[in-house]
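In the working numbering, the protein residues as written are 6 to 162.
Positions of the beta carbon are idealized from the N, C-alpha and C atoms, including for glycine.
Next up, the structure:
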């Protein structure tokens, strides 16, 4: 593989099998995950988006299907917190080391707890950001959850 991203390097280092999918990223798309699903011809329920939030004062990563919205109340409950809120883009970029639109749950600058929407486990493979805009990685939900030590929960609104 040519020069990878921190995400693809983390997957390779862990010995996780994955496929790469590239597409023309549209920075003006109203919903980046849905734009990726459409551009690649995948069901939006299999294309997962990566969001950065805060549960009480702790930054956390949330992974859920691109056609769903996160319920902050459900996220707070899953994290054992009283309150959850989305992180401002600049803070998400600082914590992850990625640009918004290219945030991957793999290879982030600072390791945070990861929460995956339980619906994502219903598919043989899922597709999510590979660490840069226009790059997606496809892998099994078991590998996603196992590598990240993710908590699986009902998080969608």
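Span separating the alpha-carbon of residue i from that of residue j
i: residue 161; j: residue 76; result: 5 Å
i: residue 58; j: residue 68; result: 11 Å
i: residue 124; j: residue 131; result: 11 Å
i: residue 30; j: residue 54; result: 14 Å
i: residue 52; j: residue 133; result: 6 Å
Enclosing beta strand (DSSP E) for residue i [first to last residue]
i: residue 54; result: 52-60
i: residue 123; result: First-last for residue 123: undefined, no H or E at that position.
i: residue 141; result: 140-144
i: residue 133; result: 131-134
Given residue i as reference, the closest of the options once Cα atoms are compared
i: residue 128; options: 42, 144, 13 and 117; result: 144
i: residue 117; options: 153, 89 and 13; result: 153
i: residue 22; options: 147, 155 and 70; result: 147
i: residue 159; options: 91, 97, 92 and 83; result: 83
i: residue 65; options: 18, 24, 88 and 26; result: 88
i: residue 32; options: 26, 25 and 40; result: 40
i: residue 63; options: 150, 120 and 157; result: 120
Host alpha helix (DSSP H) of residue i (start-end)
i: residue 14; result: 11-18
Strand pairing of residue i, partner residues [DSSP]
i: residue 118; result: 65
i: residue 155; result: Answer is none; residue 155 lacks a bridge partner.
Would you call the stretch 135-150 and the stretch 98-109 touching, i.e. three or more CB-CB distances under 8 Å?
-> yes
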